[in-house]
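The sequence shown begins at 77 in our numbering and counts up by one.
Every residue gets a Cβ at the ideal spot worked out from N, C-alpha and C, and that includes glycine.
Have a look at the structure below, then the notes.
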Amino acid sequence: MGRGRHDTLAPVDHPAGARELAGGSSISLVANVSSAKVVAVKDGEASTPNVGTACPEYTPTPLFAFDVQGARVTVWPAQPSGNARNRAGEGGEEDGGGDANRNMRDSHIGDSCGNDGIDCDNRIGDDGNCLSHIVYLHVYDGDGLDILSECQHIDCPPFTLVAIKPACWNDDLTPWKCPGLFADDVPFAGRAQDQLRLLEEEIIPQVERECGKPNSPRICRTVAGYSLAGLFATWTALNSSAFSRIASASGSLWYPDFAHFVAESPLACPIDCAYFSLGSKEAKTPSRLLRNVATGTDEVVAAFRSKGVPTQFESNPGNHFKEPALRMARGITWAISQQATNR
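This is the structure we're talking about:
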């Protein structure tokens with residue numbers, strides 16, 4: 077979904093203590109642990125996770141942060157996973173209605189990806205050969221700490237999180253021009269190609285160089301995002317060979333002609349798996365474009381399966397703005413937990 081006058085997500089303040097990386101200069105990469113607890117932000121209020129549980133409290137501090145062409149990049153160290161916490165059944169619909177289960181899933185369908193002739197630097201033979209998982213996540217606001225906290229809650233395997241706040245959310249993550257969602261909204265500019273170029277040529281090399289893993293074949297990269305960032309993550313699979321996994325949570329797959337584009341376009345490189353999710357009420361909206369999100373998501377999921385990609389779809393109760401951090405964390409957790417495809 078685009079962000080504008082209808083946006084109700086609360087911003088997340090950038091924490092103090094992140095090291096700044098200016099230009100191409102290097103820095104000492106040491107994860108400092110402060111005395112503060114991990115703080116998750118929900119509905120505009122801060123809360124401390126894991127209170128009263130046996131899970132140890134970790135207080136991550138960003139490894140480093142830098143700005144590039146108007147984008148803010150924050151890199152978080154891999155965190156030990158917390159105790160598994162089954163969120164199924166917790167809470168309910170905000171209006172007391174509808175879904176019987178907290179989560180409704182279907183199993184992934186599709187054989188392992190083929191095309192062994194395509195050589196991708198991010199390939200790994202199996203999870204045992206994977207040196208580390210790095211998740212590149214575009215965020216609307218904040219630095220990704222809320223999602224990192226949710227990942228720890230649900231016992232996500234350790235990974236390095238690279239949270240990217242683009243210069244312009246609506247323009248930088250859309251694949252082509254599109255009218256605004258409502259009559260008085262500014263149109264989407266469709267500059268995803270420029271954002272992908274920034275990601276491939278500037279952000280990934282700088283992050284992995286500073287992390288001491290330049291061009292490592294044992295890095296498993298996931299591209300992830302919520303809303304328009306989920307659209308961008310999905311589009312990236314058809315335009316970049318830099319990533320082996322996709323996590324699109326409540327992705328803006330209503331985008332005009334996007335489902336057709338996915339169906340007709342080959343993958344840029346075989347990928348190990350793809351995750352998609354959608355809220356059960358997201359199609360109930362006055363916007364003509366947004367009403368297509370359920371159909372568009374179904375068609376995109378079917379297209380990925382037809383390309384032989386092990387694909388998971390998850391339906392969550394509620395509208396677009398219900399528990400976005402948890403939904404994104406579930407997608408990341410599933411994606412990096414899958415066994416890699418042998419090549």
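#1: Mind checking whether Val144 and Glu278 have CB atoms under 8 Å apart?
#2: For Met404, does the three-state DSSP call read helix, strand or coil?
#3: Which residues in the same chain have their Cβ closer than 6 Å to the Cβ of Ala325, if we skip the five residues on either side of it in sequence?
#4: Suppose the cutoff is 7 Å on Cβ atoms and the five residues either side in sequence are ignored; what does the same chain contact list for Asn205 look like?
#5: Can you give me the start and stop residues for the beta strand (DSSP E) that Val215 sits inside?
#6: Which runs of the beta strand (DSSP E), 3 residues or longer, sit entirely within the stretch 355-394?
#7: Can you list, in chain order, the residues of its chain whose CB lies under 8 Å from that of Gln269, leaving out five sequence neighbours each side?
#8: Restricting to Cα atoms, I'd like to know which of Val149, Pro138, Ala147 and Arg148 is closest to Gln155.
#9: Since Phe337 is in the beta strand (DSSP E), which residue starts that stretch and which ends it?
#10: I need the boundaries of the alpha helix (DSSP H) containing Phe308, first residue and last residue.
#11: Residues in its own chain within less than 7 Å of Asn395 by CB, not counting five upstream and five downstream?
#12: List the whole-angstrom C-beta distance separating Ile322 from Ala411, where the pair is believed to meet the contact cut-off of C-beta under 8 Å.
#13: DSSP three-state call for Trp410: helix, strand or coil?
#14: Hey, how far is the Cα of Leu224 from the Cα of Trp330?
#15: CB-CB under 6 Å to Gly421, same chain, minus the five flanking residues each way: which ones, in chain order?
#16: Would you report the Cα separation of Pro233 and Val211, rounded to the nearest angstrom?
#17: Measure the beta-carbon distance from Phe380 to Ala350 and round it to whole angstroms, keeping in mind my assumption that it falls under 8 Å.
#18: Quick check on Ser225: does DSSP put it in helix, strand or coil?
#19: How is the alpha helix (DSSP H) around Asp247 delimited, first residue to last?
#20: By the 10 Å Cβ neighbour count, where 16 or more other Cβ atoms means buried, how is Val262 classified, buried or exposed?
#21: Can you look up Glu399 in the DSSP assignment and give me helix, strand or coil?
#22: Looking at the structure shown, is Asn162 part of a helix, part of a strand, or coil, going by DSSP?
#23: Hey, how far is the Cα of Val299 from the Cα of Pro362?
#24: Do Pro332 and Cys254 have their C-beta atoms within less than 8 Å of each other?
#25: What are the boundary residues of the alpha helix (DSSP H) that includes Ala344?
#26: Between Ile347 and the rest of its own chain, which residues show a CB-CB distance below 8 Å, the 5 nearest in sequence each way excluded?
#27: Between Ala75 and the rest of its own chain, which residues show a CB-CB distance below 6 Å, the 5 nearest in sequence each way excluded?
Put simply:
#1: Cβ atoms of Val144 and Glu278: closer than 8 Å.
#2: If DSSP states are grouped into helix, strand and coil, Met404 belongs with the helices.
#3: Residues Tyr302, Gly306, Ser353, Arg403, Met404 and Gly407 of the same chain have their beta carbon placed closer than 6 Å to that of Ala325, with the five preceding and five following residues left out of the count.
#4: Residue placement at Asn205 is flagged as unreliable, the pLDDT there being 42, under the threshold of 50; a coordinate-derived value is accordingly withheld.
#5: Where Val215 is concerned, there is no enclosing beta strand (DSSP E), given that its DSSP letter is neither H nor E.
#6: Within the stretch 355-394, the beta strand (DSSP E) runs of at least 3 residues that lie entirely inside it are, in chain order, 387-392.
#7: Beyond the five residues adjoining it in sequence on each side, Gln269 comes within less than 8 Å, by CB distance, of Pro251 and Asn315 in the same chain, given in chain order.
#8: Nearest of Val149, Pro138, Ala147 and Arg148 to Gln155, Cα basis: Pro138.
#9: For Phe337, there is no enclosing beta strand (DSSP E); the residue is found in the alpha helix (DSSP H) stretching over Phe334 to Glu340.
#10: Per DSSP, Phe308 is one residue of the alpha helix (DSSP H) stretching across Leu304 to Thr312.
#11: Annotation for Asn395: Gly355, Lys357 and Glu358 place their beta carbon closer than 7 Å to its own, counting only its chain and skipping 5 residues before and after.
#12: So it is a contact: roughly 7 Å between Cβ atoms.
#13: Trp410: helix per DSSP, three-state reduction.
#14: Each residue's alpha carbon lies about 27 Å from the other.
#15: In the structure as shown, the chain starts at 77 and stops at 419, and residue 421 therefore has no counterpart that could be examined.
#16: In a straight line, the C-alpha of Pro233 is about 12 Å away from that of Val211.
#17: Contact between Phe380 and Ala350 holds: CB atoms are separated by about 5 Å, below the 8 Å threshold.
#18: In this structure, Ser225 counts as helix in the three-state DSSP scheme.
#19: Residue range Trp245 to Asp248 is occupied by the alpha helix (DSSP H) that includes Asp247.
#20: Around the beta carbon of Val262, fewer than 16 other beta carbons sit within 10 angstroms, so the residue counts as exposed.
#21: Reduced to three states, the DSSP call for Glu399 is coil.
#22: Low per-residue confidence applies at Asn162: pLDDT is 40, beneath 50, and the placement is therefore not dependable, though the value from the model is reported in the following sentence. In the three-state reduction of the DSSP assignment, Asn162 falls in the coil class.
#23: Answer to the nearest angstrom: the Cα atoms are 30 Å apart.
#24: When the beta-carbon positions are compared, Pro332 and Cys254 come within less than 8 Å of each other.
#25: Run containing Ala344: none; DSSP gives neither H nor E here.
#26: Hits under 8 Å: Cys189, Ala313, Phe319, Ser320, Arg321, Ile322 and Val385.
#27: Any answer about residue 75 is impossible in this case: the structure gives the chain only from 77 up to 419.
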